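Quick notes on the structure that follows.
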Amino acid sequence: MIELELTGIAHGGEAVGRLEGKACFVDGALPGEQVRGVVTRDAGTWARVELHEVLTPSPQRVEPPCPLFGICGGCQWQFADYPAQLQWKRDILAGQLTHLGRLEDPPVRETLALGEPFRYRNRADFRVALGRPAFFRRHSHVLQPIEDCLLLHPAVGALLSRLGDLGEARALTLRVASATDDLLAVIEGPVPEQATGWGCGVVSRHRHRLTPRVGSGAIVETVAGVAFRITGDAFFQNHAAGAEALVGLVREALAPGPDDTLLDAYAGGGLFGLTVGREVARVIAVESDRLSLADLRHNCRRAPTPVRVAEGAVEDVLPQLDARWDLAVVDPPRTGLGRDGIDAVLAGGPRALAYVSCDPASLARDARLLADAGYHLDWAQPVDLFPQTFHLETVAAFRAG
Numbered sequence: 000m001i002e003l004e005l006t007g008i009a010h011g012g013e014a015v016g017r018l019e020g021k022a023c024f025v026d027g028a029l030p031g032e033q034v035r036g037v038v039t040r041d042a043g044t045w046a047r048v049e050l051h052e053v054l055t056p057s058p059q060r061v062e063p064p065c066p067l068f069g070i071c072g073g074c075q076w077q078f079a080d081y082p083a084q085l086q087w088k089r090d091i092l093a094g095q096l097t098h099l100g101r102l103e104d105p106p107v108r109e110t111l112a113l114g115e116p117f118r119y120r121n122r123a124d125f126r127v128a129l130g131r132p133a134f135f136r137r138h139s140h141v142l143q144p145i146e147d148c149l150l151l152h153p154a155v156g157a158l159l160s161r162l163g164d165l166g167e168a169r170a171l172t173l174r175v176a177s178a179t180d181d182l183l184a185v186i187e188g189p190v191p192e193q194a195t196g197w198g199c200g201v202v203s204r205h206r207h208r209l210t211p212r213v214g215s216g217a218i219v220e221t222v223a224g225v226a227f228r229i230t231g232d233a234f235f236q237n238h239a240a241g242a243e244a245l246v247g248l249v250r251e252a253l254a255p256g257p258d259d260t261l262l263d264a265y266a267g268g269g270l271f272g273l274t275v276g277r278e279v280a281r282v283i284a285v286e287s288d289r290l291s292l293a294d295l296r297h298n299c300r301r302a303p304t305p306v307r308v309a310e311g312a313v314e315d316v317l318p319q320l321d322a323r324w325d326l327a328v329v330d331p332p333r334t335g336l337g338r339d340g341i342d343a344v345l346a347g348g349p350r351a352l353a354y355v356s357c358d359p360a361s362l363a364r365d366a367r368l369l370a371d372a373g374y375h376l377d378w379a380q381p382v383d384l385f386p387q388t389f390h391l392e393t394v395a396a397f398r399a400g
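Residue numbers (the working numbering): 0 to 400.
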C-alpha cells in the first residue's frame with residue numbers, strides 16, 4: 000500500500016502523482032487529493048495504482064448522480080464538478096501539444112462548454128444482454144444492462160424506456176435528430192416484434208448491409224441552416240450544439256472568401272463542406288466510407304456551391320485530383336492524419352487549415368509535422384462535446400508561413 004499526492008490529470012482521464020520520481024496513475028481520483036492505493040502495474044518509469052482510499056478529498060469532488068457510475072464504463076468524471084472537467088481538458092490539450100507536439104507555449108483557449116453537461120448525446124450504441132440494452136462495465140468486457148443513461152438526449156432516453164424485451168438482438172444503436180425530432184433504431188440480429196410500436200424508424204443491420212423495416216432508414220438533422228441526411232449508423236457528431244459550434248470555429252479558422260476553393264477531407268456527410276462551403280466558389284469533398292459517401296452525395300444535391308465528391312482515402316485520392324485548394328478542413332479518425340495525409344492535404348497549397356480532432360495526442364503529433372512543413376498554429380480551441388468523460392474535441396487553426 001502506498002500514499003500519493005496527486006498533482007495533475009493525464010490524457011486518458013486518470014489523476015497523476017509522483018513517488019520517488021515515478022509517475023503514478025490513479026483512476027477515480029482528482030488532482031489535489033491525497034490517496035492510498037496499491038500498485039497493480041509497475042512499468043519502470045511509471046506505475047498504475049488502484050485507488051483504495053481518498054485521505055484528503057478535493058473540494059472539486061462531488062457525488063456522482065448516476066447509480067451505475069464506477070460500474071458502467073461510459074463515464075469517467077462524474078465525481079468531479081464541471082468547471083474542473085473543463086479545466087482538465089484544456090490542460091490535457093496544452094500538455095499534449097507541448098510534450099508530443101514540441102510546441103512552446105501553445106495557444107490553447109479555455110474549453111468551450113455547450114450548455115448542460117448531461118442529456119446531450121443524440122446517439123448511443125448498445126450491446127444486448129438478456130434482452131436488454133447494455134454497456135460494457137468499467138475496464139471489462141462484461142455487459143451491464145441499463146434502464147437509463149444520464150448522458151442521453153431526452154428523446155433517446157424516452158425511446159430506450161419503451162423498447163421492451165429485445166430478444167435475440169445482439170446490438171442496438173439509437174439516435175435522434177435534435178432539429179427535427181426524427182428517431183431511429185438500428186438493430187443487429189432479429190428485429191423484435193414490438194419494434195413497429197416504438198414510434199421511430201427501424202433498420203436491420205446484417206454485417207454491413209442495412210435494411211429499413213420501418214420508415215426510410217434515415218433521419219434528417221439541421222446544422223447552421225443546412226439539412227443533412229444521416230443513414231442508419233453513419234457517422235455524425237453526437238452533440239447537436241457541438242456540431243454548430245464546430246462549424247463556427249472552422250469558419251473562424253479559415254476566413255473563407257468568395258473566390259476560394261475549399262478542401263473538405265474526411266467529409267462524412269458534408270458537415271463542413273456544405274456549411275462553411277456556402278461562402279466559397281467551389282468545394283472538393285473526400286470520403287471513403289460507403290454509407291457516409293451516399294449521404295454526402297445526397298446532401299450535396301441542394302448545395303448552392305459546386306461540390307466535387309471524390310471517393311477513397313485522402314492520401315490516395317488527393318494526389319490524383321490535379322487540383323489546388325486555398326483552404327482545407329480535415330476531420331480525421333482518432334489516429335490522425337499522419338505524414339501521408341498531411342503531405343496529401345498540403346500538396347494543394349492551402350493558406351489556412353482547420354484541423355478538427357477527437358484525440359489530442361494524434362493532433363499534437365500532426366501539429367509537429369505541420370510546423371515542420373511551415374504551418375503555424377494560430378490557436379487551438381477545446382470543445383466539450385463529451386461532458387463527464389475524458390474525451391475531447393478540438394478545432395485547431397493553422398496558417399501557412
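Heads up, the beta-carbon is just placed ideally off N, CA and C, and yes, glycines get one too.
Please read these numbers as outputs of a predicted model, since none were measured by experiment.
Exercise. Under 8 Å, do D124 and A154 count as touching if we go by C-beta distance?
Worked result: No. Outside cutoff.
Exercise. So, are the CB atoms of V306 and A284 less than 8 Å apart?
Worked result: In this structure, A284 lies closer than 8 Å to V306 by Cβ.
For this session: Would you mind working out which of G196, A346, D339, A379 sits nearest S356, comparing C-alpha positions?
Result: Of G196, A346, D339, A379, the residue nearest in Cα terms is A379.
Problem set entry | DSSP-derived helix/strand/coil call for Q59 | Q59 falls in the coil class under three-state DSSP.
Problem set entry | Minimum Cβ-Cβ distance from P191 to chain C less than 8 Å | Absent here is chain C; the protein component of the structure consists of one chain.
For this session: Given a cut-off of 8 Å, decide if V275 and R301 are closer than it, judged by their beta-carbon atoms.
Result: V275 is positioned such that its CB atom lies no closer than 8 Å to that of R301.
Exercise. Is it right to say E62 is buried, meaning 16 or more other beta carbons lie within 10 angstroms of its own, or is it exposed?
Worked result: It counts as exposed.
For this session: Assuming C23 and A46 form a contact by the criterion Cβ under 8 Å, report the distance between their Cβ atoms to the nearest whole angstrom.
Result: For a cut-off of 8 Å, the C-beta gap from C23 to A46 is around 5 Å, short enough to register as a contact.
Problem set entry | Neighbourhood of D232 by C-beta, 6 Å cutoff - its chain only, sequence neighbours within 5 removed | So the list reads T172, V185, once near-sequence residues are dropped.
Exercise. Bridge partners of T221, per DSSP?
Worked result: DSSP, once it has assigned bridges, lists A226 as partnering T221.
For this session: Provide the residue(s) that pair with R289 in DSSP beta bridges, ordered along the chain.
Result: Within the DSSP secondary-structure output, R289 pairs in no beta bridge.
For this session: Quick one: residues in its chain with C-beta nearer than 6 Å to the C-beta of G214, no 5 flanking neighbours on either side, listed in chain order?
Result: The residues are G200.
For this session: Indicate whether A366 and V328 have their beta-carbon atoms separated by less than 8 Å.
Result: The answer is no: Cβ separation not under 8 Å.
For this session: Could you spell out the range, first to last residue, of the beta strand (DSSP E) harbouring V394?
Result: Where V394 is concerned, the enclosing beta strand (DSSP E) starts and stops at 392-399.
Exercise. Given a threshold of 16 other Cβ atoms within 10 Å of its Cβ, counted over all protein chains shown, does V202 qualify as buried or as exposed?
Worked result: By the 10 Å Cβ count, V202 comes out buried.
Problem set entry | P153 - containing alpha helix (DSSP H), residue span | Per DSSP, P153 is one residue of the alpha helix (DSSP H) stretching across 153-160.
Exercise. Considering W378, what are the terminal residues of the beta strand (DSSP E) in which it resides?
Worked result: Going by DSSP, W378 is part of the beta strand (DSSP E) stretching over 374-382.
For this session: Please classify T480: is it buried, with 16 or more other beta-carbons within 10 angstroms of its beta-carbon, or exposed?
Result: Since the first residue shown for the chain is 0 and the last is 400, residue 480 is missing from the structure and cannot be characterised.
For this session: Please confirm whether V127 and R101 have their CB atoms less than 8 Å apart.
Result: Cβ atoms of V127 and R101: not closer than 8 Å.
Problem set entry | Burial state of S57, where buried means 16 or more other Cβ atoms lie within 10 Å | Classification for S57: buried.
For this session: Leaving aside the five residues before and after E167 along the sequence, list all residues of the same chain whose C-beta is less than 6 Å from its C-beta, in chain order.
Result: Correct list, in chain order: G188, P189.
Exercise. Which whole-angstrom value is the C-beta distance of L3 and G36, which I expect to be below 8 Å?
Worked result: So it is a contact: roughly 7 Å between Cβ atoms.
Exercise. Do the stretch 290-304 and the stretch 220-235 touch if we need at least three Cβ pairs shorter than 8 Å?
Worked result: Taking a contact to require three or more Cβ pairs closer than 8 Å, the stretch 290-304 and the stretch 220-235 qualify as touching.
Exercise. How is Q33 classed by DSSP in three states: helix, strand or coil?
Worked result: Residue state for Q33 is assigned as strand, using DSSP reduced to three classes.
Exercise. Is there contact here, the stretch 68-87 with the stretch 136-146, by at least three beta-carbon pairs under 8 Å?
Worked result: As far as the Cβ criterion goes, the stretch 68-87 touches the stretch 136-146, which means the pair count is three or higher.
Exercise. Exposed or buried, which one is H238 when buried takes at least 16 other CB atoms within 10 Å?
Worked result: That one is buried.
Problem set entry | Straight-line gap, P82 to G27 (C-alpha atoms, nearest Å) | Taking the straight line joining both Cα atoms gives about 17 Å.
For this session: Given a cut-off of 8 Å, decide if A79 and R60 are closer than it, judged by their beta-carbon atoms.
Result: When the beta-carbon positions are compared, R60 and A79 come within less than 8 Å of each other.
Exercise. So what does R174 bridge to, in DSSP terms?
Worked result: According to DSSP, R174 bridges with R122, L183.
Problem set entry | C299 - DSSP class collapsed to helix/strand/coil | Helix, per DSSP.
For this session: In angstroms with no decimal places, state the Cα-to-Cα distance between V194 and A240.
Result: Per the sequence presented here, residue 194 reads as Ala, with Val not at that position. A194 and A240 have their alpha carbons spaced roughly 29 Å apart.
Exercise. Which residues bound the alpha helix (DSSP H) around S361?
Worked result: Membership of S361 in the alpha helix (DSSP H) is indicated by the continuous run 359-371.
For this session: Assign I145 to one of three DSSP states: helix, strand, or coil.
Result: For I145, the three-state secondary structure derived from DSSP is coil.
Exercise. Between which two residues does the beta strand (DSSP E) carrying D330 extend?
Worked result: First-last for D330: undefined, no H or E at that position.
Problem set entry | Close beta carbons around T221, own chain, < 6 Å, minus the five adjacent residues each side | For T221, same chain residues with a beta-carbon under 6 Å away, outside a window of 5 residues either side, are A178 in chain order.
Problem set entry | Endpoints, beta strand (DSSP E) assigned at V202 | Counting along the chain, the beta strand (DSSP E) containing V202 begins and ends at 200-205.
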